[in-house]
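S.K.: Sharing a structure, written as structure tokens. Questions coming.
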Amino acid sequence: MVVCMILATIVFVFFLFLFMTADENITGALLTACRETELENIKKGQIALNIIVEDMKKVKDLKDKKSRREAKKIRRKLEESKKLLEKYSKRKISGLDLIPVAGYRLMQLMRWDMTNPTIKKLNQKCQQFKEKKEAMNYTYYLLGALLGYIILGVSVSFGALGLTLALGLGTRSIVVAVVAFAAFVLLGYIPYDNVNTVVNKRAEDIERQFPQVVSKLALLTVAGMEVSQAWKLASNGRGTLYEEMNRVLIDFDNNVSPVEAYSKFLNRCSNKYTTKLATAIIQNASKGNAEIVKLFKQLNDESWLEHKHNARRMGEKIQSKLLVPTLLMFVGIIILVIVPVISGFNF
Numbered sequence: 000m001v002v003c004m005i006l007a008t009i010v011f012v013f014f015l016f017l018f019m020t021a022d023e024n025i026t027g028a029l030l031t032a033c034r035e036t037e038l039e040n041i042k043k044g045q046i047a048l049n050i051i052v053e054d055m056k057k058v059k060d061l062k063d064k065k066s067r068r069e070a071k072k073i074r075r076k077l078e079e080s081k082k083l084l085e086k087y088s089k090r091k092i093s094g095l096d097l098i099p100v101a102g103y104r105l106m107q108l109m110r111w112d113m114t115n116p117t118i119k120k121l122n123q124k125c126q127q128f129k130e131k132k133e134a135m136n137y138t139y140y141l142l143g144a145l146l147g148y149i150i151l152g153v154s155v156s157f158g159a160l161g162l163t164l165a166l167g168l169g170t171r172s173i174v175v176a177v178v179a180f181a182a183f184v185l186l187g188y189i190p191y192d193n194v195n196t197v198v199n200k201r202a203e204d205i206e207r208q209f210p211q212v213v214s215k216l217a218l219l220t221v222a223g224m225e226v227s228q229a230w231k232l233a234s235n236g237r238g239t240l241y242e243e244m245n246r247v248l249i250d251f252d253n254n255v256s257p258v259e260a261y262s263k264f265l266n267r268c269s270n271k272y273t274t275k276l277a278t279a280i281i282q283n284a285s286k287g288n289a290e291i292v293k294l295f296k297q298l299n300d301e302s303w304l305e306h307k308h309n310a311r312r313m314g315e316k317i318q319s320k321l322l323v324p325t326l327l328m329f330v331g332i333i334i335l336v337i338v339p340v341i342s343g344f345n346f
């Protein structure tokens, strides 16, 4: 018991040492990451609201209850993000938000930078849904939070173990200590692991939505429409790819050059077809529609063919997953039939 409390104190003192020796640069990096996260949430919310309004205009029903409820929910989240952004802009930060500071300091002492394999790999994933600089800040924030919660979790775990042993809980003390440690680790690990979920979901959404988008672009440009106007009309829809296309339009409104806007789109959408699309638009920005129309047609054919192959592969994957439940149901039916027959013979 005494040993556990001593270990808990030592680890907590180490956490405090990391926290107290952190300089202004670390606090500034943490606040920057928090601000960028809320700005990203605000941008996503505005895009989602614009899409809902466009959908309501399209069906000519501005009083659609489902859409209004969805819009209300998004506005509520926007207000929360704006309040948090204002707080971070004033350099105000809550207690839980300060936990990553210890992790930042530990990475600094271990001299972890972008050459570290773990940081480099995580940063590459973050760049698929954030700008390059924002991805770097977010990478350090995720690892800082994970390390900070692990250190604090070890301290709380030893403390809980010592306290429960003092209360005479015996072997149950180990369960309490493990649960306390797991709870803290999960708080830091869930956002870290969520990066993989976000990247995989984005890749699937973009791959699924691209054929519809390029079909619209091909149809509109064949009709003689300029690429920028065709892009604007094709961006009306719901999904990851449509959101990214709307980001390009927002960049245009903010006087960002077309080359830069499409380059950002290319970096965020890690897909061979979106790469071809954005590259072609950038290269043909000053050449008119003649060449780009041919490319849109080619991309349309290739993407729909790939879409069919993916659908076939997905169907085979689902069938393989259903094989075991089907066999179990078959065995259950056989048992239901055979057992009464055998029971009848016994009589």
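Residue numbers (numbering that gives the first Met the number 0): 0 to 346. Note that CB positions come from ideal geometry on N, CA and C, so glycine has one too. All of these numbers come straight from a predicted model, not from anything done at the bench.
1) Going by beta-carbon coordinates alone, are A217 and N122 separated by less than 8 Å?
2) Would you mind reading off the limits of the alpha helix (DSSP H) that contains T138?
3) Considering only their Cβ atoms, is the gap separating N40 from S80 smaller than 8 Å?
4) Please name the residue, chosen from V155, Y272 and V153, that lies closest to V212 on a Cα-to-Cα basis.
5) Among L160, A279 and L105, whose alpha-carbon lies nearest the alpha-carbon of L15?
6) Could you please give the first and the last residue of the uninterrupted alpha helix (DSSP H) stretch that includes M244?
7) Taking the beta carbon of F329 as the centre, do at least 16 other beta carbons fall within 10 Å, making it buried, or is it exposed?
8) Short of 7 Å in beta carbon distance, which residues of its chain neighbour Y148, apart from the five on each side in sequence? Order them along the chain.
9) Excluding the 5 residues preceding and the 5 following I150 in the sequence, name in chain order all residues of the same chain whose CB lies nearer than 8 Å to its CB.
10) For V174, is the classification buried or exposed, using 16 other Cβ atoms within 10 angstroms of its Cβ as the cut-off for buried?
11) Kindly give me the distance between the Cβ atoms of A279 and L294, rounded to whole angstroms, as I take these residues to be in contact under 8 Å.
12) Using only the alpha-carbon positions, how far apart do S88 and K132 sit?
13) Specify, as a first and last residue, the run of the alpha helix (DSSP H) that M19 falls within.
14) Excluding sequence positions up to five away, which residues of its chain have a Cβ less than 6 Å from the Cβ of F346?
15) Give, in chain order, every unbroken run of the alpha helix (DSSP H) that is at least 4 residues long and sits entirely within the region 29-59.
16) Within 8 Å, do at least three Cβ pairs link the region 111-126 to the region 65-83?
17) Using beta-carbon positions only, say whether N136 and A28 come within less than 8 Å of one another.
18) For the putative contact between L160 and C3, defined by C-beta atoms under 8 Å, what is the C-beta separation to the nearest angstrom?
19) Please return the same chain residues whose Cβ sits closer than 8 Å to the Cβ of V1, not counting the five positions on each side in sequence.
20) Counting only the same chain and skipping the five closest in sequence on each side, list residues whose C-beta sits under 7 Å from that of E37.
21) Pair every Cβ in the region 190-202 with every Cβ in the region 244-259, then say whether three or more of these pairs are closer than 8 Å.
22) In chain order, what residues of the same chain lie with their CB nearer than 8 Å to the CB of A233, ignoring the 5 residues before and after it?
23) Residues in its own chain within less than 8 Å of I291 by CB, not counting five upstream and five downstream?
24) Determine, using beta carbons only, whether L240 and D204 come nearer to each other than 8 Å.
25) Report buried or exposed for G167, applying the criterion of at least 16 other Cβ atoms within 10 angstroms of its Cβ.
26) Between I46 and E301, which are expected to be in contact by the criterion C-beta below 8 Å, what is the C-beta distance as a whole number of angstroms?
27) In whole angstroms, what separates the C-alpha of N24 from that of E53?
28) Kindly indicate the opening and closing residues of the alpha helix (DSSP H) around S214.
29) Which residues in the same chain as D112 place their Cβ atom closer than 8 Å to its Cβ, once the five residues preceding and following it in sequence are excluded?
30) Ignore the nearest five residues each way along the sequence and tell me which others in A134's own chain have a CB closer than 7 Å to its CB.
31) Between the beta-carbon of N253 and the beta-carbon of A202, is there less than 8 Å?
32) Ends of the alpha helix (DSSP H) at W111?
33) Counting only the same chain and skipping the five closest in sequence on each side, list residues whose C-beta sits under 7 Å from that of T170.
M.R.: Reading from the atomic positions:
1) Taking 8 Å as the Cβ cut-off, A217 and N122 do not qualify as a contacting pair.
2) Going by DSSP, T138 is part of the alpha helix (DSSP H) stretching over K131 to A165.
3) Yes; because the gap between Cβ atoms is below 8 Å, this pair is in contact.
4) It is Y272.
5) Closest option to L15, Cα to Cα, is L105.
6) Annotation: the continuous alpha helix (DSSP H) that includes M244 extends over T239 to D252.
7) With a 10 Å radius around the Cβ and a threshold of 16 neighbouring Cβ atoms, F329 comes out exposed.
8) So the list reads I98, F183, V184, L186 and G187, once near-sequence residues are dropped.
9) The beta carbon of I150 is closer than 8 Å to those of V10, F13, F14, L17, A101, G102 and L105 in its chain, skipping five residues each way along the sequence.
10) By the neighbour-count rule (16 or more Cβ atoms within 10 Å), V174 is not buried but exposed.
11) Contact between A279 and L294 holds: their C-beta atoms lie close to 5 Å from each other, under 8 Å.
12) Annotation: S88 to K132 spans about 18 Å, alpha carbon to alpha carbon.
13) V1 to M19 is the extent of the alpha helix (DSSP H) around M19.
14) Residue placement at F346 cannot be trusted, given a pLDDT of 45 that sits under 50; the coordinates are not used to answer.
15) The region 29-59 contains no whole alpha helix (DSSP H) run of 4 or more residues.
16) Contact between the region 65-83 and the region 111-126 is absent, because fewer than three Cβ pairs lie under 8 Å.
17) Annotated as proximal: N136 and A28, with beta-carbon spacing under 8 Å.
18) The distance from the Cβ of L160 to that of C3 is about 5 Å, consistent with a contact at the 8 Å cut-off.
19) Closer than 8 Å at the Cβ level, and outside the excluded window around V1, lie G161.
20) Excluding residues within five positions, the ones whose Cβ falls inside 7 Å are S80, L83, L84 and Y87.
21) Segments in contact, no.
22) Correct list, in chain order: V212, K215, L216, L219 and M244.
23) For I291, where only same-chain residues beyond five positions count, the Cβ hits under 8 Å are T220, V226, A279, I280 and N283.
24) Yes; because the gap between Cβ atoms is below 8 Å, this pair is in contact.
25) Result: exposed.
26) With a Cβ gap of about 28 Å, I46 and E301 do not count as contacting.
27) A direct Cα-Cα distance of roughly 43 Å separates N24 from E53.
28) Going by DSSP, S214 is part of the alpha helix (DSSP H) stretching over R171 to V221.
29) Answer for D112: I118, listed in chain order.
30) Taken in chain order, the residues that qualify are N122, C125 and Q126.
31) Contact check for N253 against A202 fails: the beta carbons are separated by 8 Å or more.
32) For W111, there is no enclosing alpha helix (DSSP H), since its DSSP letter is neither H nor E.
33) Non-local beta-carbon contacts of T170 in its own chain, meaning distances under 7 Å to residues more than five positions away in sequence, are absent.
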